[in-house]
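Visitor: Each protein sequence line maps, in turn, to chains A and B.
Residue numbers in the first sequence follow my numbering, run continuously in steps of one, and reach 568 at the last position.
Residue numbers in the second sequence follow my numbering, run continuously in steps of one, and reach 568 at the last position.
Number of protein chains: 2
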Amino acid sequence: MGRRIVIIGGVACGPKAAARARRRDPEAEITIVEQGEHVSVGRCGIPYYVGGKVNDIEQLFSSSVGIVRDADFFQGVKNVRVLVKTRADRIDRARKQVHVTDLTTGATETLPYDKLVLSTGARPLRLNIPGVDLNRVHNMWSLSDAKAIRDAAWSGEVGHVVIIGAGLIGLEMAEALLEADIPGAKPEITVVEAMPHIAPSFLDPEMAALVTKHLEAKGLHIRTGELVQRLEGDETDAVRRVVTAQGTYPADLVVAAIGLAPNVDLAREAGLTIGVTGAIAVNQCLETSDPDIYAGGDCVENMSLINCRPVYTPQGSVANRHGRVIGNNLTGMRDVFPGVLGTVIFKVFDFTVGRTGLTESQARDSGHQVETAIVSGADHAHFYPGSGSVVVKLIVHVPTRRVLGAQLVGEGDVNKRLDALVVAATMKATVDHLANFDLAYAPPYNTAMDILHHAANTMRNKLAGLARTVTPVELKDRLASGDNLVVLDVRTQPETEERPAPYKGVTHIPLGQLRNSAGALSGDKTIVSFCQVSLRAWEAQRILEAEGLSNVRFLEGGLAAWPY
Amino acid sequence: MGRRIVIIGGVACGPKAAARARRRDPEAEITIVEQGEHVSVGRCGIPYYVGGKVNDIEQLFSSSVGIVRDADFFQGVKNVRVLVKTRADRIDRARKQVHVTDLTTGATETLPYDKLVLSTGARPLRLNIPGVDLNRVHNMWSLSDAKAIRDAAWSGEVGHVVIIGAGLIGLEMAEALLEADIPGAKPEITVVEAMPHIAPSFLDPEMAALVTKHLEAKGLHIRTGELVQRLEGDETDAVRRVVTAQGTYPADLVVAAIGLAPNVDLAREAGLTIGVTGAIAVNQCLETSDPDIYAGGDCVENMSLINCRPVYTPQGSVANRHGRVIGNNLTGMRDVFPGVLGTVIFKVFDFTVGRTGLTESQARDSGHQVETAIVSGADHAHFYPGSGSVVVKLIVHVPTRRVLGAQLVGEGDVNKRLDALVVAATMKATVDHLANFDLAYAPPYNTAMDILHHAANTMRNKLAGLARTVTPVELKDRLASGDNLVVLDVRTQPETEERPAPYKGVTHIPLGQLRNSAGALSGDKTIVSFCQVSLRAWEAQRILEAEGLSNVRFLEGGLAAWPY
């Protein structure tokens with residue numbers, strides 16, 4: 005075919021598109037233009053480089069067998085020309101040319117193309133406050149940011165770190181720095197988030213609260229609902245303090261991770277359509293508004309598989325899948341990238357946190373009629389060593405019973421339940437499907453009924469009106485407002501001693517005695533039962549209702565999901 | 005409603021049905037009749053009790069908070085009457101009565117029912133050979149079997165164990181006994197299997213061979229294709245030898261785990277329909293041929309979700325889900341159990357082994373037009389500590405591109421990929437869906453493209469005729485038959501030193517030099533390229549084809565999936 009393909013941007017989507025195009029078409033002339041020093045970078049590994057789990061930064065742009073994926077590699081193995089430290093200045097769509105500048109020599113070049121790919125990526129949103137130019141104030145994005153932060157943290161001069169932004173990158177950085185094996189005294193680390201809770205774009209409040217509790221138990225300081233107003237430095241222009249409306253925090257190193265913006269300047273200047281999210285608009289074939297120009301990776305917007313709306317979800321995994329679709333389409337296919345769920349996973353200390361699809365608030369904001377269920381349980385059989393707890397929040401579309409989204413938190417195996425839910429939500433599974441999936445069971449790997457089965461069944465019980473619940477948020481609010489509730493602990497005596505109820509005035513009747521003791525409970529007040537995971541509390545609801553009490557509810561998820 | 009419900013069998017499905025019926029109907033009279041001593045038993049934990057990971061057998065019939073689920077528990081908490089050590093002798097369908105005998109006192113009782121549930125379970129197939137009545141010859145099924153085997157293994161008198169049957173239970177037992185912390189010299193353990201490879205009902209030969217290699221590396225002796233002919237004992241009638249047509253193996257303890265048969269005598273005598281698998285036939289509501297009698301658990305046959313054929317898949321997980329559906333239907337619902345995939349997972353030492361859906365041989369035997377792909381890779385980013393290898397075999401229906409089944413083996417996170425495939429196969433996902441699932445990615449949990457994405461893409465490349473491969477079995481056979489191949493190792497020099505190619509006469513050209521060295525390769529012979537996981541070998545195929553060589557193939561899965 006002998007086509008000339010030019011790709012602007014060499015981090016993830018670009019190299020993938022180049023490699024795929026090459027495998028399909030041995031004749032094409034393929035050129036990657038990359039402004040930075042490196043191509044094919046595993047940027048998601050940066051927090052682990054900063055924290056010292058990855059010691060050699062080269063690992064982030066090497067293959068798994070240690071081959072550095074540089075320009076020579078791409079030329080020798082892929083027969084792809086790579087121009088690093090080269091900036092694309094302008095796209096001339098009429099002439100089908102890209103004007104580029106070699107940033108080392110200043111030389112310019114004009115690259116003709118038959119097909120062009122924009123994989124220009126994203127950039128970190130910059131703080132727009134006084135003090136951002138002080139020393140030791142860094143955005144967290146590039147390899148050079150990572151080196152600077154790591155060098156500062158290891159310098160022995162950093163007693164306090166403030167991370168601005170409690171999103172994915174901010175939280176991963178907080179974990180990395182706290183776990184880093186830095187000689188001398190560990191720095192104190194404070195995470196400041198402007199929104200009312202951490203991870204606001206992918207966790208609902210009660211799930212975020214569970215994560216916050218874990219972060220604080222590990223020694224992080226979390227300040228939410230605080231907008232940073234300015235950074236203050238010393239006479240050497242090194243940052244020393246972070247000031248919010250609520251307080252002042254000492255800071256010898258500030259890491260800003262407040263979000264990403266797509267790099268769309270080239271596309272906009274070339275007259276390509278920019279979508280409502282501010283990222284480049286593409287169709288399902290990842291074509292821009294110019295059919296000779298494809299775009300993928302962090303510079304484009306995606307379509308949500310849940311509600312078909314455009315979303316901006318910059319992620320390395322998505323960028324790689326984009327690259328393959330573009331590589332196919334550059335070489336004569338009409339391949340389709342169906343869309344995304346906004347799946348997110350991250351590790352913070354002993355917890356894994358994941359979400360896919362819509363959060364409850366996103367689903368309600370979209371106008372959907374939703375029901376939710378919070379369920380907690382063990383990730384594998386209690387009698388097999390090493391089992392851990394998982395809390396699942398399921399969000400379901402009531403009219404269709406479809407799974408719209410889920411959030412999972414805990415030290416147990418969140419990872420596997422999340423991917424099962426990804427597949428389920430993509431395939432438009434209902435909660436009834438979810439209750440019956442023939443998931444793998446053996447004691448080292450699962451309980452006989454998976455926690456996803458329990459979550460689905462709880463949801464079905466709620467939808468049928470059989471299970472009547474209060475959520476953790478509801479119970480917290482009702483307790484705070486002085487509602488006259490009977491809070492009923494149905495755990496065993498040893499359990500109540502091991503983990504006392506987090507609220508005074510709890511009535512304690514072990515489940516085994518409840519049938520004989522129901523008469524002692526008044527029928528006037530709302531009774532809210534709980535246990536460790538609320539399986540027994542659910543049983544208690546049904547027992548008390550059978551005894552004629554009409555206003556009984558159980559606490560969703562039990563103590564295992566109680567974050568307050 | 006006040007219905008009388010009698011449930012025969014109290015291990016898994018029965019108690020679940022009782023508990024669910026009770027939650028839905030506070031008035032029903034519910035009675036469980038159980039022949040054994042215990043109810044609600046986590047029998048899947050037995051190998052871990054035998055091996056000592058679970059020390060107290062009570063844990064297997066206790067809840068996660070340590071409550072023993074005995075008759076008193078069921079009466080007090082569930083208001084369910086449980087008759088243990090009680091045998092159901094006969095069902096009188098005309099009078100709607102069950103005749104039972106108290107095995108302790110010999111007293112008989114007649115239990116009237118409105119609805120009856122058969123959850124009579126399964127029993128181990130018994131060896132029908134000379135010597136089975138010798139001492140220290142045990143089936144592996146009940147808690148008393150488990151106690152006897154554990155006592156024997158710990159007695160200090162067992163130097164050699166032979167396990168007959170390399171299915172799920174046999175292999176779990178082999179692992180448990182080899183890992184058991186038995187004082188003194190570890191027993192030598194031999195597993196004898198009559199079929200040509202281990203786990204014959206859920207693994208294809210090359211996947212079984214990978215597991216066998218691991219088992220042997222851990223010190224187990226595996227003998228396949230050997231039918232046991234007789235057991236020989238000493239003057240005390242203790243077993244001492246296992247004799248097959250091929251050899252004689254010393255044995256101071258023999259554990260037989262050759263399969264299960266459903267307990268259908270009661271059902272058959274009552275005139276209920278028995279299915280083609282020999283288990284009780286039920287419809288999707290789990291009704292037997294008598295609409296007042298439900299059946300579930302190990303005594304019934306299931307429908308395969310892949311091809312709608314009846315299958316016999318006795319499993320605790322399925323039994324629990326059956327129980328819930330039956331509990332619903334006993335109390336006025338028309339709930340449906342959709343069917344099974346035959347999902348299996350088990351742990352053997354550092355390996356997890358899983359399968360769902362059909363194996364290749366089962367799919368071909370069913371008459372499907374299938375394509376397969378074997379792919380290996382890391383379970384998470386190579387630069388994050390602790391990554392492990394996973395080998396996936398995907399089986400796809402060519403006309404519809406649907407996933408018919410999958411097998412997974414390795415020390416990496418098999419568990420999560422298996423459940424994602426379970427959901428995918430249930431929802432009738434195609435290989436194109438699989439290639440695009442928005443699976444969770446962060447370096448501790450995954451690679452940017454999941455191994456399932458790679459497997460799907462390899463399959464798509466094969467279906468498109470772009471990827472041309474040989475499977476491990478094919479290469480082994482072609483090498484054995486003296487085919488004149490060029491076997492081309494495209495790994496780096498250090499890799500070839502660390503893990504030499506498992507075959508002499510291999511040509512070694514690192515991928516980076518292949519474009520310049522292609523001329524050295526003859527076009528007459530078939531070239532089979534390989535590397536560690538065959539990503540580079542696939543690249544090599546395309547490079548050599550671009551250089552004009554027409555008969556190039558790569559080894560599926562690379563060395564990581566090479567079991568020979």
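Virtual Cβ for every residue (Gly too), placed ideally from N, Cα, C.
Just to confirm, is the Cβ distance from A/Phe78 to A/Ile36 under 8 Å?
Guide: In the first sequence, residue 78 of chain A corresponds to position 74, counting from 1. In the first sequence, residue 36 of chain A corresponds to position 32, counting from 1. Yes, the Cβ-Cβ distance between A/Phe78 and A/Ile36 is below 8 Å.
Visitor: According to DSSP, simplified to helix, strand and coil, what is A/His142?
Guide: Taking the first sequence and counting its residues from 1, the one referred to as residue 142 of chain A is at position 138. Residue state, collapsed to three classes: strand.
Visitor: What residues from chain A crowd round B/Val43, counting only those whose CB sits closer than 8 Å?
Guide: In the second sequence, the residue the question calls residue 43 of chain B occupies position 39. The premise fails here: B/Val43 is roughly 15 Å from chain A at the closest Cβ pair, so nothing lies under 8 Å.
Visitor: Which residue comes first and which comes last in the beta strand (DSSP E) that contains A/Arg91?
Guide: Here the question's residue 91 of chain A lines up with position 87 in the first sequence. Residues Thr90 to Asp96.
Visitor: Quick test of your reading: B/Asn419 and A/Ala444, contact by CB under 8 Å. State the CB separation rounded to the nearest angstrom.
Guide: Locating residue 419 of chain B in the second sequence gives position 415, counting from the first residue. Locating residue 444 of chain A in the first sequence gives position 440, counting from the first residue. B/Asn419 to A/Ala444, Cβ: 6 Å. Contact.
Visitor: Residues of chain B with CB under 8 Å from A/Ser146, in chain order?
Guide: As a first step, residue 146 of chain A is located in the first sequence; it is residue number 142 there, counting from the start. Those do not exist, as A/Ser146 stays about 17 Å from chain B at its closest Cβ, beyond 8 Å.
Visitor: Could you spell out where the beta strand (DSSP E) holding A/Ala382 opens and where it closes?
Guide: Translated into positions along the first sequence, residue 382 of chain A becomes position 378. Here the beta strand (DSSP E) through A/Ala382 covers Val374 to Ala382.
Visitor: With three or more C-beta pairs closer than 8 Å as the rule, is the region 265-276 of chain A touching the region 95-113 of chain A?
Guide: The region 95-113 of chain A, when compared against the region 265-276 of chain A, does touch it at the 8 Å Cβ threshold.
Visitor: Give the secondary structure of B/Lys529 by DSSP, where H, G and I count as helix, E and B as strand, and everything else as coil.
Guide: Sequence index remark: in the second sequence, residue 529 of chain B carries index 525 (1-based). Coil at B/Lys529, not helix or strand.
Visitor: Looking at the C-beta of A/Cys48, does it have a partner C-beta in chain B at a distance below 8 Å?
Guide: The residue labelled residue 48 of chain A in the question sits at position 44 within the first sequence. Closer than 8 Å: yes.
Visitor: Measure the alpha-carbon distance for A/Glu549 versus B/Asn83 and round it to whole angstroms.
Guide: Reading the first sequence from its first residue, position 545 is the one you call residue 549 of chain A. Reading the second sequence from its first residue, position 79 is the one you call residue 83 of chain B. Using only the alpha carbons, I get a separation of about 14 Å.
Visitor: On the CB-based measure, 16 or more other CB atoms within 10 Å of its CB, does A/Pro266 come out buried or exposed?
Guide: Looking up residue 266 of chain A in the first sequence gives position 262. Buried, because 16 or more other Cβ atoms sit within 10 Å of the Cβ of A/Pro266.
Visitor: What number of angstroms, rounded off, separates the C-alpha of B/Gly6 from the C-alpha of B/Arg328?
Guide: The sequence position of residue 6 of chain B within the second sequence is 2, counting from 1. The sequence position of residue 328 of chain B within the second sequence is 324, counting from 1. Note that B/Gly6 has pLDDT 49, beneath the 50 cutoff, so the model's placement of it is unreliable and the number below is only indicative. So the two alpha carbons sit approximately 19 Å from each other.
Visitor: With 8 Å as the threshold, decide whether the Cβ of A/Gly6 is near any Cβ in chain B.
Guide: As a first step, residue 6 of chain A is located in the first sequence; it is residue number 2 there, counting from the start. For A/Gly6, the pLDDT reaches just 49, beneath the cut-off of 50, and the residue's location in the model is therefore unreliable, although a value from the coordinates is still provided. Taking Cβ atoms only, chain B never reaches closer than 8 Å to A/Gly6, which makes this a no.
Visitor: When the distance is taken between beta carbons, is A/Lys351 closer than 8 Å to B/Ala452?
Guide: Your numbering for residue 452 of chain B matches position 448 in the second sequence. Your numbering for residue 351 of chain A matches position 347 in the first sequence. Result no, Cβ atoms of B/Ala452 and A/Lys351 do not sit closer than 8 Å.
Visitor: Between A/Lys57 and chain B, is any beta-carbon pair separated by less than 8 Å?
Guide: By one-based count along the first sequence, residue 57 of chain A stands at place 53. At least one chain B Cβ lies under 8 Å of A/Lys57.
Visitor: On the three-state DSSP scale, how would you describe A/Ser308?
Guide: Here residue 308 of chain A refers to the residue found at position 304 when the first sequence is read from its first residue. Looking at A/Ser308 - three-state DSSP - the assignment turns out to be strand.
Visitor: Between A/Pro51 and A/Ala203, which are expected to be in contact by the criterion C-beta below 8 Å, what is the C-beta distance as a whole number of angstroms?
Guide: As a first step, residue 51 of chain A must be located in the first sequence, where it is residue number 47. As a first step, residue 203 of chain A must be located in the first sequence, where it is residue number 199. Wrong, their Cβ atoms sit about 15 Å apart, outside the cutoff.
Visitor: Kindly indicate which three-state DSSP category A/Phe206 falls into: helix, strand or coil?
Guide: Numbered from 1 along the first sequence, position 202 holds the residue referred to as residue 206 of chain A. In the structure shown, A/Phe206 sits in coil (DSSP, three-state: anything other than H, G, I, E or B).
Visitor: In angstroms with no decimal places, state the Cα-to-Cα distance between A/Ala385 and B/Gly390.
Guide: Along the first sequence, one-based indexing puts residue 385 of chain A at 381. Along the second sequence, one-based indexing puts residue 390 of chain B at 386. Computed Cα separation, rounded: 24 Å.
Visitor: Please report the straight-line C-alpha distance between A/Thr530 and A/Phe558, rounded to a whole angstrom.
Guide: One-based indexing of the first sequence puts residue 530 of chain A at position 526. One-based indexing of the first sequence puts residue 558 of chain A at position 554. Spanning the two alpha carbons is a distance of roughly 10 Å.
Visitor: Using a Cβ-Cβ cutoff of less than 8 Å, which residues in the same chain neighbour B/Val72 once the five nearest sequence positions on both sides are dropped?
Guide: Along the second sequence, read from residue 1 onward, the residue named residue 72 of chain B stands at position 68. Taken in chain order, the residues that qualify are Glu62, Phe65 and Ser66.
Visitor: Taking the Cβ atom as the reference point for each residue, do A/Gly414 and A/Leu362 lie within a distance shorter than 8 Å?
Guide: Locating residue 414 of chain A in the first sequence gives position 410, where the first residue counts as 1. Locating residue 362 of chain A in the first sequence gives position 358, where the first residue counts as 1. No, Cβ-Cβ distance for A/Gly414 and A/Leu362 is not below 8 Å.
Visitor: Please compile the residues from chain B whose C-beta is within a distance smaller than 7 Å of the C-beta of A/Lys63.
Guide: In the first sequence, residue 63 of chain A corresponds to position 59, counting from 1. The sequence shown places Gln at residue 63 of chain A, not Lys. Within 7 Å Cβ-Cβ: Phe387.
Visitor: Taking 8 Å as the limit between beta carbons, can you name the residues of its chain near B/Ile284, skipping five residues before and five after?
Guide: As a working mapping, residue 284 of chain B is identified with position 280 in the second sequence. Leu122, Pro266, Val268, Ala271, Leu276, Thr277, Ile278, Thr292, Ala299, Cys303, Val304 and Glu305, listed in sequence order.
Visitor: Output needed for A/Ser370: all residues of its chain with C-beta closer than 8 Å, excluding positions within five of it in sequence on either side, in chain order.
Guide: In the first sequence, counting from the first residue as 1, residue 370 of chain A sits at position 366. Around A/Ser370: Asn311, Arg313 and Leu362.
Visitor: How big is the Cα-Cα spacing for A/Asp436 and B/Val258?
Guide: Counting from one through the first sequence, the residue named residue 436 of chain A turns up at place 432. Counting from one through the second sequence, the residue named residue 258 of chain B turns up at place 254. If you take the alpha carbons of A/Asp436 and B/Val258, they lie about 44 Å apart.
Visitor: Quick one: residues in its chain with C-beta nearer than 8 Å to the C-beta of B/Leu553, no 5 flanking neighbours on either side, listed in chain order?
Guide: Numbered from its first residue, the second sequence carries residue 553 of chain B at position 549. Answer for B/Leu553: Ala522, Leu525, Gly527 and Ile531, listed in chain order.
Visitor: Which residues, taken in chain order from the region 494-507 of chain B, show a beta carbon closer than 7 Å to some beta carbon of chain A?
Guide: Taking 7 Å as the Cβ-Cβ cut-off against chain A, the residues of the region 494-507 of chain B that qualify are Thr496 and Glu499.
Visitor: Buried or exposed, going by whether 16 or more other CB atoms sit within 10 Å of the CB of A/Gln288?
Guide: In the first sequence, the residue the question calls residue 288 of chain A occupies position 284. A/Gln288 should be labelled exposed.
Visitor: Specify, as a first and last residue, the run of the alpha helix (DSSP H) that B/Lys420 falls within.
Guide: On the second sequence, position 416 is the one that residue 420 of chain B refers to. Here the alpha helix (DSSP H) through B/Lys420 covers Val418 to Thr430.
Visitor: Nearest-angstrom Cα distance between B/Val196 and A/Thr496?
Guide: As a first step, residue 196 of chain B must be located in the second sequence, where it is residue number 192. As a first step, residue 496 of chain A must be located in the first sequence, where it is residue number 492. Distance between the alpha carbons of B/Val196 and A/Thr496 is about 47 Å.
Visitor: Since A/Ile133 contacts A/Leu334 with CB under 8 Å, what's their CB separation in whole angstroms?
Guide: Walking along the first sequence from the start, residue 133 of chain A turns up at place 129. Walking along the first sequence from the start, residue 334 of chain A turns up at place 330. That pair is no contact at about 43 Å.
Visitor: Look up A/His164 in the DSSP assignment and give the residues it is bridged to.
Guide: Here residue 164 of chain A refers to the residue found at position 160 of the first sequence. According to DSSP, A/His164 bridges with A/Glu192.
Visitor: Kindly say whether A/Ile71, judged by its beta-carbon, lies nearer than 8 Å to any beta-carbon of chain B.
Guide: For this step, residue 71 of chain A is matched to residue 67 along the first sequence. At least one chain B Cβ lies under 8 Å of A/Ile71.
Visitor: Check A/Asp493 in the structure and name its three-state DSSP category.
Guide: Along the first sequence, read from residue 1 onward, the residue named residue 493 of chain A stands at position 489. Three-state result, A/Asp493: strand.
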